[in-house]
Amino acid sequence: MTIVVGVSANACHLPAQTEQTDQNPCAVPLALLFTGSAESAKSPPGALVREHRGVGMLVLASWGVGQWLGVAGLAAALLLTVRLEGKPGTWPLGFSTFFLLFAFLHLFFPGAIVALWMTLMLTAIIGIASKLKYRYLGFNLLAGDLYHLAASSWRSVFVDNARMAIPALFAGAAIVAVAMLIDITLMERATSLSLRLAIFAVAVLIYMAVYRLSGGAPRFRFDLLTRDRAHLSAFVASWLGAGPSRRPGFIDIAPDPLPFLSSVPAKRENGEARPHIFMILHESTFDPRHHGVPINRAFEQFFSPADGLSGALHVDVFGGSTLQTEFSVLTGLSSLSFGNDSRFVFHLLAGRVRHSLPSALSGMGYHVSHVSCDRPNFVNCDRFYKSIGFEDVAYVATLPPPFDLGRWRRERHDEQLYSHALSRIADRLGNERPCFLSIMTLMNHGDHRRRIFPPELQADIRREAVALTGDENYGEYAVRLAESVEAYAAFRGQLETALNGRPAIVVRYGDHQPSFTAALTGLPPSDRALYKTFYAIEAINSALPADMAVPAMLDAAFLSTLTMSAARLPLDPVFATRTALLADCAAPYFASESVRKKRFHRALVEAGMVDLA
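Residue numbering for the sequence shown follows the working numbering, beginning at 7 and increasing consecutively.
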């Protein structure tokens with residue numbers, strides 16, 4: 007391999023392709039620089055990729071820098087690929103993926119060593135992004151994260167996780183800078199375009215062969231992407247058909263449908279008013295007792311109200327992706343039933359789910375509305391909400407005064423959302439038409455290393471929490487939780503007054519655990535203990551059905567059915583059938599191998615309740 011660093015023909019005031027003669031004192035030195043030997047003075051002109059000026063690193067050429075960079079690059083490629091792929095099962099596909107990326111970049115960078123190092127830099131960036139995503143969310147980086155989620159969510163992700171995002175950006179910038187430095191300083195003979203095209207063709211053939219021998223798209227099943235493995239091969243494969251897909255489909259479905267059960271009539275006495283229904287999503291909220299951390303009496307009442315139903319809620323996600331828990335709660339389906347499309351159900355299933363809690367309640371005459379802490383374009387939420395039956399959706403970012411947007415940006419306090427929600431429905435609470443109002447909070451979301459309240463606020467709670475766990479993140483969580491508990495208690499009191507004797511039920515749940523619980527417990531992000539939050543159902547001016555039986559842990563997919571039963575509303579055939587499935591797959595719903603569940607999914611498709619055409 008021939009290397010020249012930082013010297014050009016212009017240094018001797020000659021054109022790059024000047025004919026070499028004995029009268030030219032610069033002819034032999036230039037040949038020595040280009041080829042490393044005096045015999046190379048006879049080499050044809052124009053053999054370099056390009057000329058670089060003024061770098062001044064002539065001494066390195068005598069050391070064979072290019073050869074050393076090539077050897078170092080190959081060693082780094084081996085180690086980096088093994089590191090990102092994890093277990094040997096995906097090493098062959100990882101190596102073929104790296105070779106494919108190299109061959110692709112070699113089309114644009116004619117020098118083989120430069121192309122190799124560019125591939126290393128690209129692989130490192132993919133690896134850093136995927137490893138960070140796994141650490142905080144328990145899931146690999148996929149193509150859909152870029153073309154479905156990045157455009158609408160990058161700003162909030164950056165703001166909420168600035169302490170992680172800023173170092174990652176600097177690391178990415180440093181990698182790009184190193185790549186540019188290598189490209190600027192290293193000169194080598196260009197590989198001909200025809201040979202580069204041939205290398206690319208061979209790389210494609212090798213990749214396709216290894217990809218198919220490895221199992222193809224089914225090889226990248228959902229659980230592989232939650233095990234801190236295949237970070238490189240899965241990302242590239244996700245662009246080539248391994249998910250997300252253009253058309254979603256169940257991965258847990260049987261060929262023959264399960265007959266729907268008959269409808270179940272309402273369990274209310276004649277003339278008894280239908281209750282208003284309030285559903286509250288508590289962002290990043292979990293019951294610390296699940297991890298053996300004791301809590302005070304106020305927290306106990308929040309998680310386990312004395313006169314209500316409560317328990318552990320199994321969710322599909324850890325650390326983030328609230329939309330997946332929302333999807334499960336509102337539609338009665340597990341997002342994981344759609345495999346690698348699970349992260350993108352708001353995009354892929356908007357307009358395709360014809361049976362949901364909002365649509366069912368709307369069909370019964372309820373006014374159905376939602377208060378969201380997101381923006382309308384965030385992860386396609388506005389289109390999805392309206393497609394499943396919400397008539398009215400309010401977004402915090404678009405609320406006019408007297409909503410205090412400045413305070414919201416600082417604290418994201420639940421109190422503000424509750425106050426706005428009550429003002430929206432105050433004139434509806436006395437109407438004949440009952441209302442269903444969903445509220446999405448945000449206060450416990452985000453980086454718990456960042457304190458959002460003054461140090462003196464809930465200082466005793468913070469000290470006690472840190473003393474119990476030795477974790478400052480948990481101390482911040484406890485402070486925010488204390489504020490949530492107080493805000494909810496105030497909201498419930500105001501709601502009871504506003505109802506003026508009319509019945510209502512309140513359904514509350516946590517969407518996922520915050521990312522710090524992995525470090526708090528010492529568990530990997532894939533451990534199922536981290537996929538457990540809470541749910542609680544309370545009745546106001548009425549009583550919950552005495553015969554309601556709930557399992558020790560409920561999957562989020564059943565919460566809508568439990569809500570209908572708690573409100574003593576009639577159950578249509580879908581809700582009635584789902585109720586019967588509780589005995590088979592209460593939690594986790596997706597992991598259950600129940601044949602009846604899979605046949606139920608087929609029945610939903612054939613009945614047009616889930617449109618996969």
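Ideal placement from N, C-alpha and C gives every residue a C-beta, glycine not left out.
Could you give the DSSP three-state label for residue i: helix, strand or coil?
i: F606; result: helix
i: T197; result: coil
i: F115; result: coil
i: A592; result: coil
i: H320; result: strand
i: D189; result: helix
i: A44; result: Bear in mind that a pLDDT of 38 at A44, under 50, signals an unreliable position, so the model cannot answer this.
i: L315; result: strand
i: E275; result: coil
i: S362; result: coil
i: I511; result: strand
i: F540; result: strand
i: A67; result: Interpretation of A67 is limited by its pLDDT of 48, a score under 50 that renders its predicted location unreliable; the figure taken from the coordinates is listed afterwards. Of the three classes helix, strand and coil, the one that applies to A67 here is helix, per DSSP.
i: S340; result: coil
i: S444; result: strand
i: L203; result: helix
i: Y372; result: coil
i: A78; result: helix
Closer than 7 Å by C-beta to residue i: which residues in its own chain qualify, once you throw out the five before and the five after it? Chain order, please.
i: D28; result: For D28, the predicted model reports a pLDDT of 42, less than 50, meaning its position is unreliable; a value from the coordinates is still stated below. Cβ neighbours of D28 beyond the five flanking positions: none.
i: R621; result: Absent from the structure is residue 621, since the part of the chain shown begins at 7 and ends at 619.
i: T567; result: G338, F581, R584 and T585
i: A183; result: none
i: T331; result: V321, D322, V323, D517, H518 and A562
Should residue i be labelled buried (16 or more other beta-carbon atoms within 10 Å of its own) or exposed?
i: A510; result: buried
i: I205; result: buried
i: N437; result: exposed
i: N276; result: exposed
i: G345; result: buried
i: I172; result: exposed
i: Q464; result: buried
i: L264; result: buried
i: Y401; result: buried
i: L211; result: exposed
i: V77; result: exposed
i: S268; result: exposed
i: M127; result: buried
i: V601; result: exposed
i: F114; result: exposed
i: Y153; result: exposed
i: M124; result: buried
i: P531; result: buried
i: G499; result: exposed
i: N146; result: buried
i: I119; result: buried
Would you kindly check if the distance between the Cβ of residue j and the Cβ of residue i is under 9 Å?
i: G144; j: F292; result: no
i: N479; j: E289; result: no
i: L315; j: A542; result: yes
i: G326; j: H112; result: no
i: V335; j: L565; result: yes
i: V321; j: A524; result: no
i: S521; j: R233; result: no
i: G92; j: D347; result: no
i: A109; j: A209; result: yes
i: T328; j: L287; result: yes
i: T404; j: L423; result: no
i: P281; j: R508; result: yes
i: L138; j: L80; result: no
i: R349; j: P461; result: no
i: L575; j: M370; result: yes
For residue i, I'd like the list of residues in its chain whose CB is within less than 8 Å of its CB, leaving aside the five on either flank, ordered along the chain.
i: T129; result: A83, L86, T87, L90, F104, L107 and L238
i: L618; result: R253, P254, G255, F256, R358 and V611
i: K603; result: D258, L587, D590, C591 and Y595
i: E599; result: none
By Cβ distance, which residues of its chain are closer than 6 Å to residue i, with the 5 residues on each side in sequence left out?
i: S368; result: V374 and G395
i: H361; result: V580 and M615
i: G100; result: T87, E91, L238 and S239
i: E421; result: A493
i: H607; result: F256 and I259
i: V242; result: T103
i: V270; result: L577 and A582
So, do the stretch 542-554 and the stretch 302-314 have three or more beta carbon pairs nearer to each other than 8 Å?
yes
How do the stretch 443-458 and the stretch 482-499 stand: do at least 3 beta-carbon pairs fall below 8 Å, yes or no?
yes
Cβ contact (3+ pairs, closer than 8 Å) linking the stretch 567-575 and the stretch 292-304
Touching, no, given that fewer than three Cβ pairs across the two stretches are closer than 8 Å.
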